[in-house]
Every structure is written in structure tokens, then in C-alpha cells.
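Residue numbers (this note's numbering): 786 to 1037.
See below for the structure under consideration.
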């Protein structure tokens, strides 16, 4: 089973909020990924993060290379911009009409240690490929993205037309019913959560779950696939959060 898909149907990956995770969640969802100090202070107040706690967290994050100090606030570091791009692609995946072709990546590099193998698996999984068998990764060719050029050093890329039915193959590669059940559990949890901190925690889990969505062509998905509904819920939450905070700042 791919590492990026929950093993238990309906399991919610709700993680406690720290000051750092609050700041990162807010900046990763902001475009551009920068917030004035005044807005940042007002935002984190709603998540039970006090001023002294925020200042300490910001200092540590700048020292760690997570953030850059700007003239008026804080911005994500270049290192975290790639993480934001992955998150943006999860929320707004770029797709194209599918003609039946599949992407296939075959690992050709040998002599790699466990850490290198794990890193390569993580990178291929993040590209929404799934492992058919050891060293052979594939997915429908419906995404408008190319594999990073540096992967050519360790994999060979092909376009394939599997002999088995595509729907059957997709069910083998991804536990689609589990993903769908967890997405619906998240939607139900969000609908019943009114506390600001609880909602931010839930929507952070939504983003992690969207990163695990294989983004398959519609014809390969189970009926009533909740991917679009989950994306719309997150987009609406992020829009309303920033708008409400800016209205409060203007009113002070």
C-alpha cells in the first residue's frame, strides 16, 4: 500500500497545534506567503497563541530557516516555498483530458542505501505515482506536470498502456474507498467543529489528506468521490479566515 494513503478507513490525522504549526499553516495558505506583523498577531490570537509565545516562535523559525523577516512582517523561506507549491497543487491540481496513457517510472539506480531508497520513494509518492511492484511506479497520464529532471539519474520514464483494465489497476494501486471514507469523515468533523483552533487543526488535516489524493481521471474513481468537495471546503475556509482577520485589523 502506498505510504501516502491512510491505512485505516475514516481515520482522522488530527495533530495538536503548536505556535509554529499555527504560523506555518497560515503562511502556507497565504498568497503571497507573507503576512504583516499586525495581521499575524491578530490571526494567532484566535488560536490561543499569546504575544510572547508568538514572538518566541517567530525568532526560532527565523533562526531555523523557516521564515524570513521582511520590512513589515514575515515571509516563508525559499526552502518552504516548495512545500507551499505541493500544497497548492494538492488543493488545485492541474489536470488534462486523459487518453488512456499511463506514466511509468522504473528505478534503475543500484547500490543505494536505505535512506536514499526511502527518500526516492517519498519523492515518487509526492508526484502521485504508485508502486506496482518493487522499482516500478505508475499512474494515469492526466496531470499537467513533468517529473523533475534530476530523477533521470535514478529512473527511466516511459508511456505505457497496461493490458489489464485501468479501473481494476487503479483499485490495486490506491485504496480509494479508504481515502473517500476519510475525506467524508473530515467533512463531517469540519461541519461540527466551531472552535477556531479546532477548525484550523481539522483543515490542516484536510491539506495532508489532499496531498494523498491520487487525482485520478473521473472514470477511474468510485461514485461520489469527495475530492472536489474537500477542496472547496478548504478554499472557502482559507478565504474567509484571511478576509475576517483583515476586517478586524482595519477596525482596530
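We put the CB at the ideal spot given by N, CA and C, even for glycine.
- As for any alpha helix (DSSP H) of minimum length 4 sitting wholly inside the region 883 to 955, the runs are 899 to 911, ordered along the chain.
- For residue 870, the closest alpha carbon among the candidates 1032, 967, 981, 815 is that of 815.
- Inter-residue distance for residue 1026 and residue 808 is about 13 Å (C-alpha atoms, whole angstroms).
- Within a 10 Å sphere around the beta-carbon of residue 1023 sit 16 or more other beta-carbons, which makes this residue buried.
- Look at residue 838 here: in three-state DSSP terms it is helix.
- Remark: C-beta atoms of residue 820 and residue 850 do not approach each other more closely than 7 Å.
- Look at residue 852 here: in three-state DSSP terms it is strand.
- The three-state reading of DSSP puts residue 861 in strand, counting E and B together.
- Within the same chain, 847 come within 7 Å of residue 854 by CB-CB distance, once the 5 residues on both sides are set aside.
- Straight-line measurement puts the Cα of residue 955 at about 8 Å from the Cα of residue 1006.
- In the three-state DSSP reduction, residue 802 falls in the coil class, being neither helix nor strand.
- Here residue 803 is exposed. Its C-beta has fewer than 16 other C-beta atoms within 10 Å.
- Residue 819: member of the beta strand (DSSP E) spanning 819 to 821, first to last residue.
- When the Cα atoms are used, residue 982 and residue 1013 turn out to be separated by approximately 24 Å.
- Non-local C-beta neighbours of residue 989 in its own chain, meaning closer than 6 Å and more than five positions away in sequence, comprise 810, ordered along the chain.
- Here the alpha carbons of residue 1021 and residue 868 stand approximately 21 Å from one another.
- The shortest C-alpha to C-alpha distance from residue 938 to any of 830, 905, 882 is the one to 905.
- Judged by pairs of C-beta atoms under 8 Å, the region 920 to 936 touches the region 880 to 899, as three or more such pairs exist.
- One Cα belongs to residue 812, the other to residue 1032, and the distance between them is close to 18 Å.
- Among the bridge pairs identified by DSSP, residue 880 is matched with 928.
- When the beta-carbon positions are compared, residue 999 and residue 959 come within less than 7 Å of each other.
- Distance between residue 932 and residue 912, taken at the CA atoms: about 8 Å.
- Ranked by Cα distance from residue 914, the first of 877, 1028, 957 is 957.
- Between the alpha carbons of residue 1015 and residue 984 lies a distance of about 14 Å.
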